[in-house]
Amino acid sequence: MACLKTFPYLHRRRSPLKFPLFLSSARPLSSPRRRPFASASSAATMAAIATVEHVVLFKVRDSTDPSKVDAMVSNLRSLVSLDISVHLAAGPVLRHRSTAASAAGFTHLLHSRYRSKADLAAYSAHPAHVAVVKEHVLPICDDIMAVDWVAELDGPAAPPTGSAVRLTLAKPKEGAAAELAQTLAEAKSFAPAAVTQLSYGENFSPARAKGFDVGFLAVFPSLEELDALDAGEKDLLESVKEKVRPLLESVIVLDAVVPPPPAASL
357 MACLKTFPYL
367 HRRRSPLKFP
377 LFLSSARPLS
387 SPRRRPFASA
397 SSAATMAAIA
407 TVEHVVLFKV
417 RDSTDPSKVD
427 AMVSNLRSLV
437 SLDISVHLAA
447 GPVLRHRSTA
457 ASAAGFTHLL
467 HSRYRSKADL
477 AAYSAHPAHV
487 AVVKEHVLPI
497 CDDIMAVDWV
507 AELDGPAAPP
517 TGSAVRLTLA
527 KPKEGAAAEL
537 AQTLAEAKSF
547 APAAVTQLSY
557 GENFSPARAK
567 GFDVGFLAVF
577 PSLEELDALD
587 AGEKDLLESV
597 KEKVRPLLES
607 VIVLDAVVPP
617 PPAASL
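As structure tokens, this is what we get:
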């Protein structure tokens with residue numbers, strides 16, 4: 357299996373609930389190239405496909421030997437060979453983008469996609485997956501959380517290597533989950549041109565979600581484009597964020613980069 361070296365992750369403090377749904381740095385590096393939404397699709401009018409999103413966050417113990425961290429990531433990534441998921445990537449969290457994310461301290465992320473809930477269940481119960489969790493994950497992790505949702509996905513199921521991913525997990529106030537999901541659905545029409553794919557939905561697996569009942573994931577062509585969103589697009593989304601904030605108790609926002617696929621085993 358390929359060995360993925362871990363990278364340092366950054367903690368950046370932000371005011372509670374003042375989170376960026378799409379936006380990253382407050383200091384743009386350059387003006388982003390303009391493109392139509394979901395331009396990563398090979399077809400100009402590709403129909404949305406119902407896809408099951410599975411996101412797992414891991415908090416690796418600080419004292420863990422780096423070789424064991426590499427082994428965890430490598431073995432998680434090898435699960436793509438089960439040929440159950442339509443996308444599976446695992447790697448380090450690059451940046452924490454909300455106060456709750458920094459407080460939780462998650463260090464690694466697994467993101468996978470499935471054609472159905474039955475496929476996700478088959479993956480979860482597969483002996484190879486169970487063995488990886490038992491042998492390589494649980495012994496070195498202080499905390500784990502997972503969120504699953506069904507999304508109407510435009511474009512390819514597997515974001516290209518090097519794509520930047522902004523993950524938002526929201527804990528709604530009591531009774532506000534459906535309204536929050538609807539507000540995020542409406543926000544799709546306001547997505548900046550640099551966003552190539554959006555996914556959002558209500559969590560259907562509450563056991564490990566810690567009350568974070570809504571997932572939202574934005575994909576960018578690169579980390580540079582995520583960081584380069586200009587102030588005009590930031591202002592455009594402010595009205596959406598103003599609608600969302602009153603519905604939230606807490607929100608985890610973090611960034612990651614899609615790694616290259618694991619090398620084939622000989």
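In case it helps, the numbering used here puts the sequence shown at residues 357 to 622. Cβ atoms here follow ideal geometry from the backbone N, Cα and C, with glycine treated the same way.
Taking the CB atoms as reference points, tell me whether residue 618 and residue 430 lie closer together than 8 Å.
The residue labelled residue 618 in the question sits at position 262 within the sequence shown. The residue labelled residue 430 in the question sits at position 74 within the sequence shown. In contact: residue 618 and residue 430 (Cβ atoms closer than 8 Å).
Have a look at residue 423 and residue 539 and give me their C-alpha separation to the nearest angstrom.
Indexing the sequence shown from 1 puts residue 423 at position 67. Indexing the sequence shown from 1 puts residue 539 at position 183. A straight line joining the alpha-carbon of residue 423 with that of residue 539 spans about 43 Å.
Quick one: is the Cβ of residue 461 within less than 7 Å of any heavy atom of the ligand COA?
Ligands are entirely absent from the displayed structure, and the ligand COA is therefore not among its contents.
The beta strand (DSSP E) with residue 530 in it runs from where to where?
The residue given as residue 530 occupies position 174 in the sequence shown. Premise fails: residue 530 is in no beta strand (DSSP E) and is neither H nor E.
Enclosing beta strand (DSSP E) for residue 605 [first to last residue]
By 1-based counting over the sequence shown, the position of residue 605 is 249. Segment 604-613, the beta strand (DSSP E) holding residue 605.
Which two residues bound the contiguous beta strand (DSSP E) that contains residue 485?
Stepping through the sequence shown from its first residue, residue 485 is reached at position 129. Looking at the DSSP string, residue 485 is not in any beta strand (DSSP E); the run it does join, the alpha helix (DSSP H), is 483-488.
Could you pull the start and end residues of the beta strand (DSSP E) that residue 433 belongs to?
As a first step, residue 433 is located in the sequence shown; it is residue number 77 there, counting from the start. Bounds of any beta strand (DSSP E) do not take in residue 433; it lies within the alpha helix (DSSP H) bounded by 422-434.
Per DSSP, the bridge partner or partners of residue 499
Residue numbering aside, residue 499 sits at position 143 when the sequence shown is read from its first letter. Note: residue 499 sits in a beta bridge opposite 415.
Give a yes or no on whether the C-beta atoms belonging to residue 520 and residue 613 are separated by under 8 Å.
As a first step, residue 520 is located in the sequence shown; it is residue number 164 there, counting from the start. As a first step, residue 613 is located in the sequence shown; it is residue number 257 there, counting from the start. Yes, these two residues count as a Cβ contact at 8 Å.
Can you tell me where the alpha helix (DSSP H) with residue 581 in it begins and where it stops?
As a first step, residue 581 is located in the sequence shown; it is residue number 225 there, counting from the start. Counting along the chain, the alpha helix (DSSP H) containing residue 581 begins and ends at 579-583.
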